[in-house]
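**Q**
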Amino acid sequence: MKVKKPFDKKKIILLLIVVIIFTLTIFSFSIKEPTVYVVGIEVAKIDLSKIEVTFIIHLNIENKNLIDATLEDIQAEIYTDGSFIGHAESKEAVKIPANSLKRVSVTFVMEELPKKIPVVEVRAVGSAHVKVLFWSYEFQFDEVEYI
Numbered sequence: 032m033k034v035k036k037p038f039d040k041k042k043i044i045l046l047l048i049v050v051i052i053f054t055l056t057i058f059s060f061s062i063k064e065p066t067v068y069v070v071g072i073e074v075a076k077i078d079l080s081k082i083e084v085t086f087i088i089h090l091n092i093e094n095k096n097l098i099d100a101t102l103e104d105i106q107a108e109i110y111t112d113g114s115f116i117g118h119a120e121s122k123e124a125v126k127i128p129a130n131s132l133k134r135v136s137v138t139f140v141m142e143e144l145p146k147k148i149p150v151v152e153v154r155a156v157g158s159a160h161v162k163v164l165f166w167s168y169e170f171q172f173d174e175v176e177y178i
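Heads up, the sequence shown is in the numbering used here, so the first residue is 32 and it goes up one at a time.
Below, the structure is given as structure tokens:
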């Protein structure tokens, strides 16, 4: 008479780990880097009482993935008429739905008032991160747009 051996827990755990790693590897090949375009920049508000300027940079983000993405950690240097007027950074992250082309507006607040208020053109030079699941992609932007 043969005695049945109980399942070896170590083998089951090892098998589960192998299956999870295999699944994540296959899934990672289906993740594509989102495409980001800067389509405009504008001065939204100048608050003399707080000594701050709010800029809005309009972005088109094409997310061809199966899952949502997040645009975060957006930082920029703002120039106007060729002169540097200060650093700015976004206050919040932006969610991008899966399989969508979404136009988003990212608000930047500069804590100090520039010497010259933008009149003719504003240029934003900076970077941001797009996160998709565990992956993070950095993109750079350098655009000139008229107000």
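For every residue, glycine included, the Cβ atom is placed at its ideal position computed from N, Cα and C.
Alpha carbon to alpha carbon, what distance is there between residue 40 and residue 90?
**A** Going from the Cα of residue 90 to the Cα of residue 40 covers about 51 Å.
**Q** What residues in its chain sit with their C-beta under 6 Å from that of residue 150, if we drop five residues either side in the sequence?
**A** The pLDDT assigned to residue 150 is 49, lower than 50, so where the model puts this residue is not dependable; a value taken from the coordinates is nonetheless given after this. Taken in chain order, the list of residues that qualify is empty.
**Q** Counting pairs of beta carbons, one from the stretch 87-103 and one from the stretch 126-135, are three or more of them closer than 8 Å?
**A** These segments touch.
**Q** Report, in whole angstroms, the separation of the C-beta atoms of residue 77 and residue 107, which I expect to be a contact under 8 Å.
**A** That belief does not hold up - the Cβ atoms of residue 77 and residue 107 are roughly 17 Å apart, past 8 Å.
**Q** So what does residue 125 bridge to, in DSSP terms?
**A** Answer is 102, bridged to residue 125.
**Q** Considering only the beta carbon of each residue, do residue 123 and residue 160 sit closer than 7 Å?
**A** No, the Cβ-Cβ distance between residue 123 and residue 160 is not below 7 Å.
**Q** Measuring alpha carbon to alpha carbon, tell me which residue in 84, 92, 133 is nearest residue 117.
**A** Residue 117 has its Cα closest to that of 84, out of 84, 92, 133.
**Q** Helix, strand or coil, according to DSSP, for residue 41 in the structure here?
**A** In the structure shown, residue 41 sits in a helix (DSSP, three-state: H, G or I).
**Q** Can you tell which of 79, 120, 115, 66 has its C-alpha closest to the C-alpha of residue 182?
**A** Limits of the chain in this structure are 32 at one end and 178 at the other, which puts residue 182 out of reach.
**Q** Does the Cβ-Cβ distance between residue 139 and residue 53 come in under 7 Å?
**A** Contact: no.
**Q** Between the alpha carbons of residue 44 and residue 57, how many angstroms are there, rounded?
**A** Distance between the alpha carbons of residue 44 and residue 57: 20 Å.
**Q** Looking only at C-alpha atoms, which of 157, 49, 92 sits nearest to residue 132?
**A** Checking every option, the nearest Cα to that of residue 132 belongs to 92.
**Q** Taking DSSP as the reference, what is the three-state secondary structure of residue 97?
**A** In this structure, residue 97 counts as coil in the three-state DSSP scheme.
**Q** Buried or exposed for residue 163, please, with buried defined as at least 16 other CB atoms from any protein chain shown within 10 angstroms of its CB.
**A** With 16 or more Cβ atoms within 10 Å of its Cβ, residue 163 is classed as buried.
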